[in-house]
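Residue numbers (my numbering), protein chains in the order written: chain B, 30 to 378; chain Y, 155 to 424; chain A, 35 to 296.
Below: the structure, in structure tokens.
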Amino acid sequence: MSVIRREATRLAAALAVCLAASAAAAADQITFVSQGGSYQEAQTKAILDPAAKALGITIKQDSSADAYPVVKTQVATGKIVWDVIDVAAGYCLRGAAEGLLEKLDLALIPNAKDLDPAFRSDHAVGYITYSTVLAWRTDKYGKNGPQTWADFWDVKKFPGRRSLRNYARPTLEIALMADGVPADKLYPLDVARAYRKLAEIKPHITTWWTSGGQSAQLIRDGEVDMIMAWNGRVGAVMKDGAKVDYHYNQAVLENTSLCVLKGTPNRVASMKFLNEAIAPRNQAALPLLIDYGPVNLKAYDTGIIPAARAAQLPTHPDNFRRQAVLSAAWWASPEGAKAEEGWLAFMQR
Amino acid sequence: MLLLLAPALAVVGLLLVLPLGWLAWQSIYQDGFTPEHYLRILQEDIYWNTFRLTFSISASVTVLAALLGFPVAYAAARLPPRWATVVLALVVIPFWTSVLVRAYAWLVLLQRRGVINQVLMDLGIVDEPLALVHNATGTIIGTVHVLLPFMVLPLYAVMRKIPGDLLNAAASLGARPGYVFARVFLPLSAPGLLAGAMLVFVLCLGFYITPELLGGGRTIMVSMLVQRNVELYHRWGAASAVGLTLLFVVFAIFWIVDRVLPLERVYGAR
Amino acid sequence: MPASGRWGKVAFALLVGAILLFLIAPVVIVVPMSFSDTRFMSFPPERWSLRWYRAYLESAAWMDATRVSLSVAFLTTLVATPVGVAAAYAINASTLRAVRAFQLVLLAPLMVPIIIVAAGIFFVYAKIGLITTIAGLVLAHVMLALPYVLVATLAGLRSFDMTQEMVARSLGMNRMRSFLAVTLPQIRPSVVTGALFAFIASLDETVVALFISGGDNQTLTKRMFTALRDEIDPTIAAISSLLIATSFLLVLLTGSAGRRAR
């Protein structure tokens with residue numbers, strides 16, 4: 030009697046486990062976090078929906094402008110709500126150093142090998158790219174605007190109102206290039222030299238912008254005549270018909286990265302999602318909707334991106350080679366952290 | 155009786171005292187006890203300069219609020235009730251309007267192509283738009299606007315109780331109006347001025363939203379240092395030490411003012 | 035002010051008028067701007083339209099934020115009011131010296147700079163996992179709103195004659211019942227005022243929300259702050275106008291509650 034009961038109980042338990050497992054498999058889902066706005070909407074169409082379909086999973090979305098403290102909390106308390114986050118590359122490096130992220134399972138992410146080594150690490154793959162470019166008003170300087178950061182610093186040759194970003198990264202890189210450091214010899218940054226060079230231009234900077242929207246507004250309304258700004262923002266302003274132009278000379282290329290929270294119950298699905306997110310055809314679909322470049326250069330071979338569009342993108346080979354590539358690893362290092370904090374002191378001087 | 159107090163005390167204990175204690179702990183303990191975070195405030199220019207700037211801005215704001223608040227409070231106290239109500243309403247409505255809304259409005263008014271610059275240029279007063287915002291000027295204008303009611307209301311509360319007869323009596327004895335004002339009215343309204351000045355000064359020391367939105371990232375106040383250290387640099391020890399130093403300053407001010415003027419009265423609980 | 039003579043009086047009136055204009059103009063100017071037709075911030079607007087109100091009402095993100103803010107404010111009021119009234123009653127009835135200390139402790143949320151409160155709460159919440167939760171927001175706002183309820187209720191109790199409650203108790207009612215039946219109805223306007231203050235305080239609270247709200251549970255203020263740091267789009271003007279209208283309405287309500295109190 031008791032044996033039968035024991036067996037029955039065991040059977041029921043096994044059944045329950047099976048059911049739970051199949052339920053979990055059926056409802057395989059991940060929560061993906063990006064930075065919201067039109068950027069996230071474009072991703073939904075170009076990448077998230079196709080990826081969900083291809084993998085047969087549900088992708089829930091969330092957005093956060095400052096994901097880092099939340100990630101820290103979720104991992105520390107073991108209550109993982111988010112699975113994959115799209116953040117500035119440096120955050121993934123810092124998160125990896127603090128043990129907040131899963132190591133990548135490259136067997137599940139075959140596409141990772143197609144990425145330039147600058148765009149991947151043990152804990153993160155690159156996602157999208159953008160550049161910090163020099164943009165200027167064509168009604169002030171015509172087509173022959175400032176060509177280099179040295180020109181930006183040359184207030185005699187190019188008189189006018191100027192704006193830089195109120196942040197160390199990548200303003201220090203730009204200052205060093207203005208001082209004659211070649212784009213491929215920037216790291217490790219000579220921080221003292223960069224701040225010295227910035228001090229030269231400081232009296233001529235009318236506005237130090239703090240957000241992308243603000244930078245766009247400044248150059249669109251002609252509040253300033255030249256500005257360092259993200260290519261996507263400048264592109265949008267030009268599309269609106271503002272008299273603005275830019276180029277990729279000495280621009281600074283950056284990428285956001287995808288990384289997976291440590292201890293997520295959806296590790297495998299998350300890794301598979303990473304693979305889809307950097308698949309050439311999905312990567313090629315995004316720049317059709319928004320001004321960001323693919324990290325996977327194979328996207329340019331898919332034929333999905335028209336040639337005229339490709340020429341505007343930061344990772345197009347012609348543009349890529351004229352730029353400096355930002356080293357998120359350097360910025361995540363102690364020297365980088367110190368340089369970043371030096372910014373406040375510089376602003377107050 | 156104490157049982158009735160218990161929930162309130164628990165709320166404040168758990169959500170105010172405990173977090174402050176946590177800050178204190180975090181400011182001295184990081185893998186062992188260390189004074190490093192406090193030493194940094196003394197040694198690094200950025201911290202020192204930020205505290206200095208915060209004090210000078212708070213002082214300017216307090217003086218401006220006093221200069222602007224005094225006439226308004228005086229008018230409200232001396233006008234017939236109906237007009238006094240109008241004046242007070244005009245003080246209280248902004249007081250109950252979100253600080254964010256007001257920051258937005260000031261951005262609109264003060265920016266390079268904003269309303270004020272347009273008017274000034276149309277009238278030919280200036281040729282170039284003035285830089286009124288994204289700097290210390292913007293911070294001070296916005297902060298004075300937010301804190302002015304904290305000056306007007308305590309002043310008004312005191313002035314209302316100064317009997318008009320007293321002033322008339324002084325005048326009837328031949329005192330000139332300026333003399334009556336300086337020797338009778340001003341001393342009698344001093345407690346209100348003190349309460350208002352303390353409120354404005356202390357609130358300004360810890361002010362965050364308005365300087366952040368109107369200061370253009372150039373006018374860095376102590377509060378912004380705390381925020382940056384928490385969210386940008388993830389240096390919680392440093393943030394805690396800065397916060398606690400500010401708290402110490404604020405409490406010192408309270409302690410001194412409390413000698414002269416009980417705090418419950420300032421905060422309207424008596 | 036030594037406002038002697040007619041010209042002195044006129045000058046003084048102009049001065050006060052100018053200061054009042056300084057106070058009220060920024061609040062007023064937002065409203066017409068919210069009916070503007072263009073993205074550019076021009077005043078007065080060239081053409082009128084409701085597009086920014088539509089932009090607000092049709093945005094899921096803004097609507098979610100509004101819902102979060104309203105529910106947090108409502109829950110805050112619901113908790114803060116009884117807790118604050120109980121404390122005020124105890125303080126008013128007690129003659130202990132220690133009560134002054136307690137009272138100062140309960141007023142402390144008004145005195146400690148909000149940025150320090152926010153950082154401290156953020157650290158504690160980060161440890162226990164209350165960040166980005168509604169419960170965490172409500173708890174923090176209850177603490178911040180408590181002084182408003184306390185001060186308003188104390189004002190009511192001070193003008194209330196406690197012997198009435200004594201009489202009720204001598205007639206056999208217990209303390210709770212006599213409070214509910216006799217005292218509360220008479221101090222109700224003060225309690226309502228306190229509750230409304232608590233509601234507005236929670237609705238407008240920004241700094242703590244910036245630190246601890248996020249994800250699905252972002253408050254309206256946090257979203258507005260982020261938007262203001264980014265491109266300033268007139269949707270903010272529409273939201274601001276609605277907020278002004280709300281505050282205005284609530285202040286009117288408190289005003290009439292206060293008048294009935296007198």
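The beta carbon of each residue, even a glycine, is placed where N, CA and C say it ideally should be.
Same chain only: Cβ atoms within 8 Å of residue i, ignoring 5 sequence neighbours per side
i	result
valine 46(B)	Its pLDDT being 47, under 50, valine 46(B) is placed unreliably by the model, and the measurement read from it follows with that caveat. Here the set comprises nothing.
isoleucine 246(A)	Ala152, Ile155, Phe156, Tyr159, Leu164, Ile165, Thr166, Gly170, Leu171, Ala174
alanine 54(B)	Note that alanine 54(B) has pLDDT 45, beneath the 50 cutoff, so the model's placement of it is unreliable and no number is given.
glycine 85(B)	Asp57
tryptophan 178(B)	Leu163, Ile203, Ala204, Met206, Ala207, Gln279
arginine 249(B)	Val266, Asp269, Ala271, Val273
alanine 50(B)	The predicted model places alanine 50(B) with a pLDDT of 44, which falls under 50 and marks its position as unreliable; any figure quoted below should be read in that light. Same-chain partners within the cutoff: there are none.
serine 105(A)	Ile168
7 Å Cβ cutoff met for residue i and residue j
i	j	result
phenylalanine 233(A)	alanine 114(A)	no
threonine 204(Y)	leucine 400(Y)	no
valine 62(B)	isoleucine 114(B)	yes
phenylalanine 355(Y)	serine 212(Y)	yes
leucine 318(B)	alanine 75(B)	yes
glycine 360(Y)	methionine 305(Y)	no
isoleucine 316(Y)	leucine 342(Y)	yes
alanine 258(B)	leucine 287(B)	no
serine 362(B)	tyrosine 216(B)	no
alanine 189(A)	alanine 162(Y)	no
tyrosine 310(Y)	alanine 231(Y)	yes
arginine 372(Y)	asparagine 289(Y)	yes
tyrosine 387(Y)	glutamate 364(B)	no
serine 181(Y)	alanine 406(Y)	no
valine 253(Y)	valine 215(Y)	no
valine 139(A)	valine 166(Y)	yes
valine 285(A)	tryptophan 250(Y)	yes
proline 283(Y)	valine 50(A)	no
Residues near residue i by beta carbon distance below 7 Å, same chain, minus five either side
i	result
leucine 172(Y)	none
valine 110(B)	Thr60, Gln103
valine 253(B)	Arg190, Arg191, Ser192, Thr235, Thr236, Leu247
alanine 23(B)	As displayed, chain B neither begins before 30 nor continues past 378, which places residue 23(B) out of reach and without an answer.
glycine 241(B)	Trp259, Arg262
For residue i: DSSP bridge partner residues
i	result
lysine 89(B)	Thr60(B)
glutamate 283(B)	Tyr159(B)
proline 323(B)	Ile157(B)
threonine 236(B)	Ser192(B)
histidine 276(B)	Leu163(B)
valine 113(B)	Phe61(B), Val289(B)
methionine 257(B)	Leu163(B)
tyrosine 183(Y)	Phe187(Y)
valine 119(A)	DSSP, once it has assigned bridges, lists no residue as partnering valine 119(A).
glycine 292(Y)	Paired residue(s): none; glycine 292(Y) is not in a bridge.
arginine 263(A)	None; arginine 263(A) has no bridge partner.
glycine 248(A)	Asn251(A)
alanine 353(B)	Val281(B)
Cut-off 6 Å between Cβ atoms - residues of its own chain near residue i, not counting five sequence neighbours on either side
i	result
glutamine 184(Y)	Gly391
valine 220(B)	Ala368
alanine 52(B)	Reliability fails at alanine 52(B), whose pLDDT of 42 lies under 50, so the model's placement of it is uncertain and no value is given.
histidine 23(B)	In the structure as shown, chain B begins at 30 and stops at 378. Residue 23(B) is therefore absent and cannot be evaluated.
threonine 200(B)	Leu193, Arg194
arginine 485(Y)	With chain Y represented from 155 up to 424, any question about residue 485(Y) goes unanswered, as that position is not in the structure.
8 Å contact criterion, which residue i and residue j should meet: CB distance rounded
i	j	result
aspartate 330(B)	lysine 172(B)	Actually they are not in contact, since the Cβ atoms of aspartate 330(B) and lysine 172(B) sit about 32 Å apart, beyond 8 Å.
valine 229(A)	threonine 111(A)	First, the amino acid is wrong: residue 229(A) is alanine here, not valine. The Cβ separation is near 5 Å, so the contact holds.
tyrosine 258(Y)	isoleucine 270(A)	5 Å
threonine 297(Y)	threonine 364(Y)	5 Å
lysine 256(A)	leucine 237(A)	With 8 Å as the limit, lysine 256(A) and leucine 237(A) do not qualify as a contact, their Cβ atoms being about 12 Å apart.
phenylalanine 231(A)	alanine 279(A)	18 Å between Cβ atoms; not a contact.
isoleucine 334(B)	proline 316(B)	6 Å
Chain D within 7 Å of residue i, Cβ atoms only
i	result
asparagine 271(Y)	The structure shown contains no chain D; its protein chains are B, Y and A.
Handout entry: Cβ contact check for the stretch 322–336 of chain B and the stretch 77–89 of chain B: 3 or more pairs under 8 Å
Key = no
Exercise for the section: Could you say if the stretch 214–229 of chain A and the stretch 130–149 of chain A meet the contact criterion of at least three C-beta pairs nearer than 8 Å? Expected result: no
Practice task
Taking 8 Å as the threshold, find out whether the stretch 124–140 of chain B comes into contact with the stretch 282–301 of chain B through three or more Cβ pairs.
Solution key: yes
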